[in-house]
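For any residue, its number in the working numbering is found by taking its place in the sequence shown, counting from 1, and adding 65. For glycine and all other residues, C-beta sits at the position ideal for the given N, C-alpha and C.
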Amino acid sequence: GWVARGGLEREDQIFCLDATQVTEAQADPKVDVLALVESNMAPIRRVRHVKTWPVLIDSRGKIVRGVRKREDGAKVEEGTLLGDPISPGKVRGAAKVLGSPYEKPLMPGEVLVARHTEPSWTPV
């Protein structure tokens with residue numbers, strides 16, 4: 066394999082290559098596979114620090130941030146959380162802010178607050 070020949074440092078680095086690069090590297094042992102891996106991974110490393118991506122970026126690259134307002138148009142007090150409820154009703158409790166459903170457990174009585182959710186959050 067490529068790890069034994071010194072082309073890759075780890076077996077999983079093969080997934081950092083596209084199909085064309087793999088085919089070319091198989092045909093020509095002089096191809097610097099590790100350099101291709103590094104080149105392919107560079108854009109990912111540049112954005113690895115981003116925890117949450119914007120919901121909307123226009124064609125010019127401008128990040129569009131909507132201004133949230135209360136339904137009755139009243140001024141929003143500093144520190145007020147605005148969002149769209151998923152479940153009906155009203156509840157009071159400690160807010161638990163989660164970025165993913167596996168981040169930390171949601172305890173009984175806590176109110177889930179998340180930038181977004183999806184069906185995989187159902188067990189939470």
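For Val162, the secondary structure class from DSSP, reduced to helix, strand or coil, is strand. Scanning the region 68-124 from its first residue to its last, the whole alpha helix (DSSP H) runs of 4-plus residues come out as 84-92, 98-112. Selection Gly174, Ser185, Gly164 evaluated against Val115 yields Gly164 as nearest (Cα-Cα).
Taking a C-beta distance under 8 angstroms as the contact criterion, Leu146 and Lys161 do not qualify as a contact pair.
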